[in-house]
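In UniProt numbering, the protein residues as written are 1 to 376.
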């Protein structure tokens, strides 16, 4: 049940958090009495989109950290015995003897904790027997505690074959079928295909090519390749301290700061699923409802691209003319203030003159004057 909580969080939390933070943002940035942007207006949707991206990026980082923390808290046989992943058989046996002397049931039974101490002692013994056997140690490093459930296997090849038939192949077969279904029914088009350009014209030229670039299948193949390579690599323990400066290595003891191959794969699987959900959540609004450009002719799409380009050019020219009109006042604070007051007054007067009531009053006055002139 706990493993489903992150997926429930991705489905519920971003929208609620975005609505709450957007309300707080408007409360901090908009003065009392001033109108707030209304829903479905461009300004409101722009603010909501930006806050939503901040929320899902923050939740992505939290989810990745929580995954790493869970892997570390779960521990492994090396941490239980307090030895390094590179410790030899002599060191492991010596450490087990010292811990067995402390936790043996005969010494703790008098305190009333016989059952718990016996279970822990058997766990220590299982850890010692696994790590002192080269074949079992190879299997444990790559497949984790699940290798204990595979029966009495004798060779590394048998463990690798058992992992492929009982875990890897069924898991990836189900995952591949699930990806096909979700990619066809639910995932957004923006997350389904990769576009090499933000330009509409370039996108139209690359429509058919980008449909071939289904990045989710590439990441799926990359995950399978990573898993197979780690399963067969002779030494795949990841030591983050090896990439730190020598001055910082003393702060992170090697006996505790490492990742075994099966822990790396656990992190990679969960991170892959989380990133898939994140990219689907980050899809631009509206792309999920677009069914492609198959029903629109190429000529129509080119005309739309030209219209967008013309609109951008017109906007650029209008902005440039506005800056040129303000150029004489640049650097003169008094003139700028006078210009601002004049523009405000002009906007107010223009709004008053264009109001229906004022227009009706002006029309009545004009009709009265015209009637007086005719009577004279």
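Where a beta carbon is used, it is the ideal one built from N, C-alpha and C, also for glycine. Please read these numbers as outputs of a predicted model, since none were measured by experiment.
How many angstroms separate the CA atom of residue 243 from the CA atom of residue 66?
-> Locating residue 243 in the chain shown gives position 243, where the first residue counts as 1. Locating residue 66 in the chain shown gives position 66, where the first residue counts as 1. Straight-line Cα distance between these residues: approximately 22 Å.
By how many angstroms is the C-alpha of residue 59 removed from the C-alpha of residue 218?
-> Taking the chain shown and counting its residues from 1, the one referred to as residue 218 is at position 218. Taking the chain shown and counting its residues from 1, the one referred to as residue 59 is at position 59. About 25 Å.
Is DSSP giving residue 377 helix, strand or coil here?
-> Summary: the structure shown does not reach residue 377, with the chain confined to residues 1 through 376, and so no result is reported for it.
Under 6 Å Cβ to Cβ from residue 78, same chain only, skipping five residues before and after it: list those, please.
-> Sequence index remark: in the chain shown, residue 78 carries index 78 (1-based). The residues are 85.
Spatially closest choice to residue 126 from 93, 278 and 154, by CA coordinates = Here residue 126 is taken as the residue at index 126 of the chain shown, counted from 1. Nearest C-alpha to residue 126: 93.
Any idea which residues DSSP pairs residue 259 with across the strands?
-> Here residue 259 refers to the residue found at position 259 when the chain shown is read from its first residue. 238.
Evaluate the contact criterion for the segment 5-17 versus the segment 264-282: three or more CB pairs, one atom per stretch, below 8 Å.
-> They touch, by the three-pair rule.
Taking buried to mean at least 16 other C-beta atoms within 10 Å of its own C-beta, is residue 372 buried or exposed?
-> Counting from 1 along the chain shown, the entry for residue 372 is found at position 372. Classification of residue 372: exposed, given that the 10 Å Cβ count is below 16.
Exposed or buried, residue 222, counting other C-beta atoms within 10 Å across all chains shown (16 or more means buried)?
-> Your numbering for residue 222 matches position 222 in the chain shown. Under this definition residue 222 is an exposed residue.
Since residue 183 contacts residue 142 with CB under 8 Å, what's their CB separation in whole angstroms?
-> Residue numbering aside, residue 183 sits at position 183 when the chain shown is read from its first letter. Residue numbering aside, residue 142 sits at position 142 when the chain shown is read from its first letter. Going by Cβ atoms, the distance from residue 183 to residue 142 rounds to 30 Å, so no, they are not a contact pair.
Does the segment 159-168 come close enough to the segment 133-149 to have 3 or more Cβ pairs within less than 8 Å?
-> Output reads yes: the segment 133-149 touches the segment 159-168.
Buried or exposed for residue 117, please, with buried defined as at least 16 other CB atoms from any protein chain shown within 10 angstroms of its CB.
-> Locating residue 117 in the chain shown gives position 117, counting from the first residue. Buried.
Terminal residues of the continuous alpha helix (DSSP H) containing residue 76?
-> In the chain shown, counting from the first residue as 1, residue 76 sits at position 76. That residue, residue 76, is in no alpha helix (DSSP H); it is neither H nor E in DSSP.
Around the C-beta of residue 348, are 16 or more other C-beta atoms found within 10 angstroms, so that it is buried, or is it exposed?
-> Counted from its first residue, the chain shown places residue 348 at position 348. The residue is exposed, with fewer than 16 neighbouring Cβ atoms inside 10 Å.
Among 353, 304 and 52, which has the Cα closest to the Cα of residue 19?
-> Position 19 of the chain shown holds residue 19. Checking every option, the nearest Cα to that of residue 19 belongs to 52.
For residue 176, collect the residues of the same chain with a Cβ closer than 8 Å to its Cβ; drop the 5 residues on either side in sequence, then sort them by chain order.
-> Residue 176 sits at position 176 when you count from the first residue of the chain shown. 220, listed in sequence order.
Identify which residue in 350, 283, 278 and 323 has its Cα closest to the Cα of residue 64.
-> For the purposes of this step, residue 64 is taken as the residue at position 64 of the chain shown. Among 350, 283, 278 and 323, the Cα nearest to that of residue 64 is on 278.
Do residue 14 and residue 281 have their C-beta atoms closer together than 9 Å?
-> Here the question's residue 14 lines up with position 14 in the chain shown. Here the question's residue 281 lines up with position 281 in the chain shown. Cβ atoms of residue 14 and residue 281: closer than 9 Å.
Give me the Cα-Cα distance between residue 354 and residue 340, rounded to the nearest whole angstrom.
-> The residue you call residue 354 lines up with position 354 of the chain shown. The residue you call residue 340 lines up with position 340 of the chain shown. C-alpha separation (whole angstroms): 21 Å.
For residue 30, the three-state DSSP class (helix, strand or coil) = What you label residue 30 is simply residue 30 of the chain shown in a count that begins at 1. Note: residue 30 maps to coil in three-state DSSP.
Check whether residue 57 and residue 17 have beta carbons under 9 Å apart = Along the chain shown, read from residue 1 onward, the residue named residue 57 stands at position 57. Along the chain shown, read from residue 1 onward, the residue named residue 17 stands at position 17. Result no, Cβ atoms of residue 57 and residue 17 do not sit closer than 9 Å.
Return the CA-CA distance between residue 321 and residue 283, expressed in angstroms with no decimal places.
-> On the chain shown, position 321 is the one that residue 321 refers to. On the chain shown, position 283 is the one that residue 283 refers to. Those two C-alpha atoms are separated by around 36 Å.
Grouping DSSP H, G and I as helix and E and B as strand, with all else coil, what is residue 136?
-> Looking up residue 136 in the chain shown gives position 136. Shown here, residue 136 sits in a helix according to DSSP, grouped into three states.
With DSSP as the reference, label residue 150 as helix, strand or coil.
-> Along the chain shown, read from residue 1 onward, the residue named residue 150 stands at position 150. Residue state, collapsed to three classes: coil.
How far does the alpha helix (DSSP H) with residue 368 in it reach, from first residue to last?
-> For the purposes of this step, residue 368 is identified with residue 368 of the chain shown, where counting begins at 1. It spans 356-375 - the alpha helix (DSSP H) in which residue 368 sits, taken as one unbroken run.
Top-ranked residue by Cα proximity to residue 170, from 22, 134, 50 and 224 = As a working note, residue 170 is residue 170 in the chain shown. Among 22, 134, 50 and 224, the Cα nearest to that of residue 170 belongs to 224.
Which stretch, first to last residue, makes up the alpha helix (DSSP H) that contains residue 40?
-> Position 40 of the chain shown holds residue 40. Element bounds for residue 40: n/a, residue is neither H nor E.
Does the beta-carbon distance from residue 230 to residue 174 come in below 9 Å?
-> For this step, residue 230 is matched to residue 230 along the chain shown. For this step, residue 174 is matched to residue 174 along the chain shown. Going by C-beta atoms, residue 230 is not nearer than 9 Å to residue 174.
If you draw a straight line from the alpha carbon of residue 234 to that of residue 155, how long is it in whole angstroms?
-> Here residue 234 refers to the residue found at position 234 of the chain shown. Here residue 155 refers to the residue found at position 155 of the chain shown. Those two C-alpha atoms are separated by around 14 Å.
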